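Single-structure report; data block below.
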Amino acid sequence: MYDWVSVMQDREKSLDTESIGFSGTNKHVLLEMGERLANAVDVDLFFDTVSRALRHFLHIDRASLALYDRDQNLFELVALAVQGESRLGIGTKVPHQGSRTGMVFDSRMPMLHTLDSNTAFFEDQPLLDEGLRFAAQMPILVDGVCIGTLNTDFKRYSNLSEAEMDLLCGIARQIATSVTASNKRPRTAASEGNVRNAPERGSAETQDGYLPLIRPSMQSSVDRLVVIAKTDSTVLLVGETGTGKGVLARKIHDWSNRKKKPFVKCDCAAINSQLIESELFGHEKGAFTGANARRLGCFEQANGGTLFLDEITELPLDNQVKLLGVLQDRSVQRVGGGVPVPIDVRIIAATNRNIEAEVAAGRFRSDLYYRLNVFQVALPPLRQTLQDLEPLAKYFLEMHGRAMQRNLPCLDAASLRAMREHSWPGNIRELENFIQRALLLESCDTFEARTLLFDRPTSAPQEISSDGSIRTLEQVEADHIRRVLNATGWRINGRKGAADLLGLHPSTVRSRMARLNVQRPGPHA
Numbered sequence: 065m066y067d068w069v070s071v072m073q074d075r076e077k078s079l080d081t082e083s084i085g086f087s088g089t090n091k092h093v094l095l096e097m098g099e100r101l102a103n104a105v106d107v108d109l110f111f112d113t114v115s116r117a118l119r120h121f122l123h124i125d126r127a128s129l130a131l132y133d134r135d136q137n138l139f140e141l142v143a144l145a146v147q148g149e150s151r152l153g154i155g156t157k158v159p160h161q162g163s164r165t166g167m168v169f170d171s172r173m174p175m176l177h178t179l180d181s182n183t184a185f186f187e188d189q190p191l192l193d194e195g196l197r198f199a200a201q202m203p204i205l206v207d208g209v210c211i212g213t214l215n216t217d218f219k220r221y222s223n224l225s226e227a228e229m230d231l232l233c234g235i236a237r238q239i240a241t242s243v244t245a246s247n248k249r250p251r252t253a254a255s256e257g258n259v260r261n262a263p264e265r266g267s268a269e270t271q272d273g274y275l276p277l278i279r280p281s282m283q284s285s286v287d288r289l290v291v292i293a294k295t296d297s298t299v300l301l302v303g304e305t306g307t308g309k310g311v312l313a314r315k316i317h318d319w320s321n322r323k324k325k326p327f328v329k330c331d332c333a334a335i336n337s338q339l340i341e342s343e344l345f346g347h348e349k350g351a352f353t354g355a356n357a358r359r360l361g362c363f364e365q366a367n368g369g370t371l372f373l374d375e376i377t378e379l380p381l382d383n384q385v386k387l388l389g390v391l392q393d394r395s396v397q398r399v400g401g402g403v404p405v406p407i408d409v410r411i412i413a414a415t416n417r418n419i420e421a422e423v424a425a426g427r428f429r430s431d432l433y434y435r436l437n438v439f440q441v442a443l444p445p446l447r448q449t450l451q452d453l454e455p456l457a458k459y460f461l462e463m464h465g466r467a468m469q470r471n472l473p474c475l476d477a478a479s480l481r482a483m484r485e486h487s488w489p490g491n492i493r494e495l496e497n498f499i500q501r502a503l504l505l506e507s508c509d510t511f512e513a514r515t516l517l518f519d520r521p522t523s524a525p526q527e528i529s530s531d532g533s534i535r536t537l538e539q540v541e542a543d544h545i546r547r548v549l550n551a552t553g554w555r556i557n558g559r560k561g562a563a564d565l566l567g568l569h570p571s572t573v574r575s576r577m578a579r580l581n582v583q584r585p586g587p588h589a
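Just so you know, we're using the working numbering here: the sequence shown kicks off at 65 and counts up by one.
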């Protein structure tokens, strides 16, 4: 066998680290050597050799390899190069949630990070303590499944070029080849035939847990949220459905000192009214018909961690009284039990209603409201934060496009303009569903957002106004017609005109416009 290890080491010795510049030729030589090495030598030797070469080419100060352990839902650092001793050395366990490694693993996208001591990311403080300031992380993919990450760190901020990022991605592919050929990945997601990253993505609360970090409207609040997360203060999240309250609740937990403890979600709107007390506080065996064994409620399940009470305003008044007592006494009494059980739980509550209006109407207890409203976070609807639209759309395009293994269509100016004109009553959840629908229905390099937004059987206008009052059917119909007319530039006839999109005859549209007083706004309206 040709001794590529010696060739690489001789090449390293000949490099002038002060004068060498990175070029396409260097990239080609390094990748060619790596390709041969990946199939020919042990993964540890391969990683060490390539990392030292990267030290010369990209001036990295540390390189590590993290592989995912599905059974434990965490990462293990299995290789460390360039740097000697480290708090994050070989054998270190890195949590899935609350780590930059987990963020790259879930997104399957390369990421650049400026390390920051004010964040709660697992890796930041140990790396900062060792003098590192900047990180570049690459996903390691085997047959489209992420099995871990290649992590490179720098003591100085490094504005990596596109060619340098391509090089790191190429090295990550070669590491995947070497790892696959070795026995270095027991219990990883790919080794068990898992076709998707774990945990499974049932909602935005797993894979999209870092959405607050990519929303421009949230950037100014992130630092404050991280500070609040570090305390045990109760947080109240308010906002319309689909604005990401559940995602943010999980993120606050991941930023907190309780991140290694349970995060339990209780959807107050989904619990049968006869079982709410049992679900929240638990019950003893024999407490009622069907109680065949002791059951721990949500509070005890979340002990030491965080309890997320979603749709808190849906709780009946009787249960609100008992919840208030639990929050005050910091103990629960199971149904059918006589001894209070102490609990240590951080509460995050959320509602899509106007909670102050609910209190004023007597549907929500004022004393419970004041107990919960220690720190309130209002999540605005997407129609009020249109600056979030493009980064979120691109994020969902990338995420779902990769999952569908297809070429990503271009999000052109016309599509963005049509999307900005839409009111997005379902907010971020509706946007994600729209992007998925676009990827499923459009096979070309671009898609017509206007067609996809309005050429569908239902529109789901909002029946409840912002003050909580029920709107009449005529008001809902008039708003829907205006929205479609705005999307078509107030064109009624023709293909993709308002009549075509509404499924009505043009004369019917005009008569309804007259009856509902739907008029085109003037130039200065």
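All C-beta atoms in this analysis are idealised placements derived from N, C-alpha and C, irrespective of residue type, glycine included. Every value quoted in this text rests on a predicted model; they were computed, and no experiment measured them.
**Request:** Check whether the segment 292-302 touches the segment 344-353, taking contact to mean three or more Cβ pairs, one atom from each stretch, closer than 8 Å.
**Result:** No, they do not touch.
- So the beta strand (DSSP E) Gln440 belongs to, where does it begin and stop? Element bounds for Gln440: Phe439 to Ala442.
Between the CA atoms of Met463 and Met483 - distance to the nearest angstrom: Cα to Cα, Met483 sits roughly 19 Å from Met463.
Where do the N-terminal and C-terminal ends of the beta strand (DSSP E) with Ala130 fall, by residue?
-> Taken as a continuous stretch (DSSP letters only), the beta strand (DSSP E) holding Ala130 covers Arg126 to Asp133.
Query raised in the report: Where DSSP assigns a beta bridge to Asp374, which residues make up the other side?
Result: Answer is Asp331, bridged to Asp374.
Where the beta strand (DSSP E) containing Met202 begins and where it ends: Note, Met202: beta strand (DSSP E), Phe198 to Val206.
Based on Cα-Cα distance, which residue from Ala143, Ser150, Thr213 and Leu141 lies nearest to Met175?
That would be Thr213, whose Cα lies nearest to the Cα of Met175.
- request: Taking the CB atoms as reference points, tell me whether Pro190 and Val168 lie closer together than 8 Å.
  value: Not closer than 8 Å, so no.
Where Asn581 falls: helix, strand or coil (DSSP): Under the three-state reduction of DSSP output, Asn581 falls in the coil class, being neither helix nor strand.
Lys315: buried (16+ other C-beta within 10 angstroms of its C-beta) or exposed?
Lys315 is buried by the Cβ-count criterion.
Can you give me the C-alpha to C-alpha distance between Leu475 and Leu456, rounded to a whole angstrom?
Computed Cα separation, rounded: 12 Å.
With Val146 and Arg119 assumed to form a contact (beta carbons below 8 Å), what rounded beta-carbon distance in angstroms separates them? About 5 Å separates the CB atoms of Val146 and Arg119; that is less than 8 Å, so the two are in contact.
Can you give me the C-alpha to C-alpha distance between Val573 and Glu485, rounded to a whole angstrom? For Val573 and Glu485, the distance between alpha carbons rounds to 21 Å.
(message) Rounded to the nearest angstrom, what separates Ala238 and Val114 at their Cα positions?
(response) Looking at the sequence provided, one finds Gln at residue 238 rather than Ala. In this structure, the alpha-carbon of Gln238 lies about 10 Å from that of Val114.
DSSP three-state assignment for Pro250, whether helix, strand or coil
Reliability fails at Pro250, whose pLDDT of 36 lies under 50, so the model's placement of it is uncertain and the value that follows must be treated cautiously. When secondary structure is reduced to three states using DSSP, Pro250 falls in the coil class, being assigned neither helix nor strand.
C-alpha gap between Gln283 and Arg197, whole angstroms: So the two alpha carbons sit approximately 20 Å from each other.
With 16 as the cutoff for other CB atoms within 10 Å, does Gln583 come out buried or exposed? Exposed, because fewer than 16 other Cβ atoms sit within 10 Å of the Cβ of Gln583.
What does a CB cutoff of less than 7 Å around Pro521 pick up in its chain, not counting 5 residues either side in sequence? With a pLDDT of only 41 at Pro521, under 50, the local geometry of the prediction cannot be trusted, and the value read off the model is given with reservation. The answer is none, since no qualifying residue turns up.
**Prompt:** Under a Cβ-count criterion, where at least 16 other Cβ atoms within 10 Å of its own Cβ denotes burial, should Phe352 be classed as buried or exposed?
**Reply:** Exposed, since its Cβ has fewer than 16 Cβ neighbours within 10 Å.
- Item | Spatial distance of Cys210 from Ala551 (CA atoms) | Cys210 and Ala551: Cα-Cα distance of roughly 40 Å.
Self-check item: Between the CA atoms of Ile340 and Val45 - distance to the nearest angstrom
Solution: An answer regarding residue 45 cannot be provided, because it is not within the stretch 65 to 589 covered by the chain.
Q: Report yes if the CB atom of Asp331 is closer than 8 Å to the CB atom of Glu375, and no otherwise.
A: For Asp331 and Glu375, yes; Cβs fall inside 8 Å.
**Asked** Can you name, in chain order, every residue of its own chain whose Cβ lies under 7 Å from the Cβ of His569, other than the five neighbours on each side?
**Response** Here the set comprises Ala563.
- Query: Just to confirm, are Ala333 and Glu304 a CB contact at a threshold of 8 Å?
  - Reply: When the beta-carbon positions are compared, Ala333 and Glu304 stay at least 8 Å from each other.
ask   = Is DSSP giving His120 helix, strand or coil here?
value = In the three-state scheme derived from DSSP, where H, G and I count as helix and E and B as strand, His120 is classed as helix.
### Task
Express the C-alpha separation of Gln448 and Gly155 in angstroms, rounding to a whole number.
Roughly 46 Å between the two C-alpha positions.
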